[in-house]
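Notes to accompany the following structure.
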Amino acid sequence: MPAVFFGHGSPMNALEVNRYTAAWRAFGRSVPRPRAILVVSAHWYIGATAVTAMPRPKTIHDFYGFPQELFDVRYPAPGLPELAEEVSDVVHPTWVGADIDSWGIDHGTWSVLVHAFPEADIPVVQLSINAFKGLDYHLELGAKLAPLRERGVLVVASGNVVHNLGGVDRRLVDQGFDWAQRFDEAAKATMLDDPTEAGRLDAHRDFGLAVPTPDHFIPLLYLAGLAGAAGQGTEVLVDGYAYGSLSMTAYTLGLPGRATEPLAGAPTLPDAVPPDSANI
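Under UniProt numbering, the sequence shown has 164 at position 164, and the numbering climbs by one with no breaks.
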């Protein structure tokens, strides 16, 4: 199976047709049908490494201030409890817990999957981001997941390379600040050439502005780890910026080609949305 990192941006993308969502749809159409989808979402950022292990994961609306239409979205994909044991086996001796009732499918996952796999008929399992671990831990854990690709599991990482909600400027719908562009381009050079160096991006001069909290950046390291395990670079699926301080760049592994849909970019943010990390 290929693997992918999506820059998911605003939850409003779940309802939009734009060049990012078109690229996500094109990706879903181009991959072989997965046995299951394993998602590392920025929005399951907890103090442990865990995997969802319930047969029917709930759709989680982990945001506020958005229109009711977004809260009405459901992504009723089944789970695959036995995949939790497979993940635990391939990453051993790293400990992975099985979550049978506390989480489900959060908006970092369903906002992209409603476009990539709109039928919601492929089992979806989430892998949490352990907030207590450093960047190298996540890079190495991503590499350990590589055998799952040979078993029909599509590994999806979902976050944003640049994610600074305090810097959001609603007027810059499809633009990025200079510092955001510098860091995104440095990350792009790394992901295309030598993804194993992605864990060193914290030394970049703009890292503090681009990554004020690590939750949205860390998913990129899982794709970087998979690429390192395969001895390959990644390819850009689609790129761009939103609200000045978010990067929408997406990368694929094992699936060359760039989406070039001539559509508009990021959606307009509702006025009621506050600049809070739970929202975007």
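We put the CB at the ideal spot given by N, CA and C, even for glycine.
- Task: Quick one: grab the DSSP three-state call for Ala259.
- Result: Stepping through the sequence shown from its first residue, residue 259 is reached at position 259. With a pLDDT of 46 at Ala259, under the threshold of 50, the predicted position of this residue should be treated as unreliable, though the coordinate-derived value follows. Ala259 carries a coil assignment under DSSP once its states are collapsed to helix, strand and coil.
- Query: If you draw a straight line from the C-alpha of Pro2 to the C-alpha of Val211, how long is it?
  - Reply: The count along the sequence shown starts at 1 and reaches residue 2 at position 2. The count along the sequence shown starts at 1 and reaches residue 211 at position 211. Distance between the alpha carbons of Pro2 and Val211: 27 angstroms.
- Name the DSSP beta bridge partners of Tyr45, please? The residue given as residue 45 occupies position 45 in the sequence shown. Answer is Ile129.
- Among Gln68, Leu135 and Arg171, the one whose alpha carbon lies nearest that of Leu223: The residue given as residue 223 occupies position 223 in the sequence shown. Cα-wise, what sits closest to Leu223 is Leu135.
- For Met191 and Leu201, the rounded distance between their alpha carbons: Within the sequence shown, the letter at position 201 stands for residue 201. Within the sequence shown, the letter at position 191 stands for residue 191. In a straight line, the C-alpha of Leu201 is about 11 angstroms away from that of Met191.
- Task: Check whether the segment 97-104 touches the segment 132-150, counting contact only when three or more Cβ pairs, one atom from each stretch, lie closer than 8 angstroms.
- Result: Counting Cβ pairs under 8 angstroms, fewer than three are found: no touch.
- Is the segment 109-116 in contact with the segment 79-95, if contact means three or more CB pairs nearer than 8 angstroms? No, because fewer than three Cβ pairs between the segment 109-116 and the segment 79-95 fall closer than 8 angstroms, the two stretches do not touch.
- Query: Going by other Cβ atoms of all chains shown within 10 Å of its Cβ, with 16 needed for buried, is Ala259 buried or exposed?
  - Reply: For the purposes of this step, residue 259 is identified with residue 259 of the sequence shown, where counting begins at 1. Per-residue confidence for Ala259 stands at a pLDDT of 46, beneath the threshold of 50, marking its modelled position as unreliable; the derived number appears in the next sentence. So Ala259 ends up on the buried side.
- Could you round the C-beta distance between Gln126 and Val39 to whole angstroms and report it? I think they count as a contact, below 8 angstroms. Within the sequence shown, numbered from 1, the residue matching residue 126 stands at position 126. Within the sequence shown, numbered from 1, the residue matching residue 39 stands at position 39. Going by Cβ atoms, the distance from Gln126 to Val39 rounds to 5 angstroms, so yes, they are a contact pair.
- Item | Beta-carbon separation (whole angstroms), Val155 vs Leu145, contact threshold 8 angstroms | In the sequence shown, residue 155 corresponds to position 155, counting from 1. In the sequence shown, residue 145 corresponds to position 145, counting from 1. 6 angstroms between Cβ atoms; contact.
- Message: Cutting at 6 angstroms between CB atoms, please list the residues of its own chain near His8, excluding the five before and the five after it.
- Response: Position 8 of the sequence shown, counted from the first residue, corresponds to residue 8. Here the set comprises Gly108, Ser111, Val112 and Ser158.
- Message: Only counting the same chain, and skipping five residues up and downstream in sequence, which positions put a Cβ closer than 6 angstroms to that of Val73?
- Response: The residue given as residue 73 occupies position 73 in the sequence shown. Around Val73: Ala14.
- Does the Cβ of Phe177 have 16 or more other Cβ atoms within 10 Å, making it buried, or fewer, making it exposed? Taking the sequence shown and counting its residues from 1, one reaches residue 177 at position 177. Buried: at least 16 other Cβ atoms inside 10 Å.
- Message: Given this structure, state the Cα-to-Cα distance separating Ala36 from Ala242, to the nearest angstrom.
- Response: Walking along the sequence shown from the start, residue 36 turns up at place 36. Walking along the sequence shown from the start, residue 242 turns up at place 242. When the Cα atoms are used, Ala36 and Ala242 turn out to be separated by approximately 30 angstroms.
- When the Cα atoms are used, what is the spatial distance from Phe71 to Lys58? On the sequence shown, position 71 is the one that residue 71 refers to. On the sequence shown, position 58 is the one that residue 58 refers to. Going by C-alpha positions, Phe71 is about 13 angstroms away from Lys58.
- Which residue's Cα is closest to the Cα of Gln65: Ser10, Gly47, Gly28 and Asp121? Sequence index remark: in the sequence shown, residue 65 carries index 65 (1-based). Gln is not the amino acid found at residue 65; the sequence shown has Gly there. Among Ser10, Gly47, Gly28 and Asp121, the Cα nearest to that of Gly65 is on Ser10.
- Thinking just about the alpha-carbon of each residue, which of Tyr75, Val162, Ser102 and Phe207 is nearest to the one in Gly244? Reading the sequence shown from its first residue, position 244 is the one you call residue 244. Ranking Tyr75, Val162, Ser102 and Phe207 by Cα distance to Gly244 puts Val162 first.
- Might you give, ordered along the chain, the residues of its own chain that have their beta carbon closer than 7 angstroms to the beta carbon of Tyr75, omitting 5 neighbours on each side? Indexing the sequence shown from 1 puts residue 75 at position 75. Closer than 7 angstroms at Cβ, skipping near neighbours: Thr59, Ile105, Trp110, Leu113, Val114 and Ala120.
- Message: Quick check: what's the CA-CA separation for Asn164 versus His61?
- Response: As a position in the sequence shown, residue 164 is number 164, starting the count at 1. As a position in the sequence shown, residue 61 is number 61, starting the count at 1. Here the C-alpha atom of Asn164 lies approximately 21 angstroms from the C-alpha atom of His61.
- Whose C-alpha, out of Arg56, Glu16, Gly228 and Val4, is nearest the C-alpha of Ala143? The residue you call residue 143 lines up with position 143 of the sequence shown. Per the Cα distances, Gly228.
- Message: Rounded to whole angstroms, what is the Cα-Cα separation between Phe27 and Asp239?
- Response: Here residue 27 is taken as the residue at index 27 of the sequence shown, counted from 1. Here residue 239 is taken as the residue at index 239 of the sequence shown, counted from 1. Going from the Cα of Phe27 to the Cα of Asp239 covers about 14 angstroms.
- Within its chain, find whatever has a CB closer than 7 angstroms to the CB of Ser128; leave out the 5 residues flanking it on each side and keep chain order. For the purposes of this step, residue 128 is identified with residue 128 of the sequence shown, where counting begins at 1. Trp44, Ile46, Ala48, Thr49 and Ala50, listed in sequence order.
- DSSP state of Thr52 mapped onto helix, strand, coil: Stepping through the sequence shown from its first residue, residue 52 is reached at position 52. The answer is strand: DSSP assigns Thr52 an E or B state.
- Under the rule that 16 or more other beta-carbon atoms within 10 Å means buried, what is Ser41, buried or exposed? Numbered from 1 along the sequence shown, position 41 holds the residue referred to as residue 41. Buried.
- Message: Just to confirm the assignment: which complete beta strand (DSSP E) runs, minimum length 3, are found wholly within the segment 150-222?
- Response: You should have 153-159.
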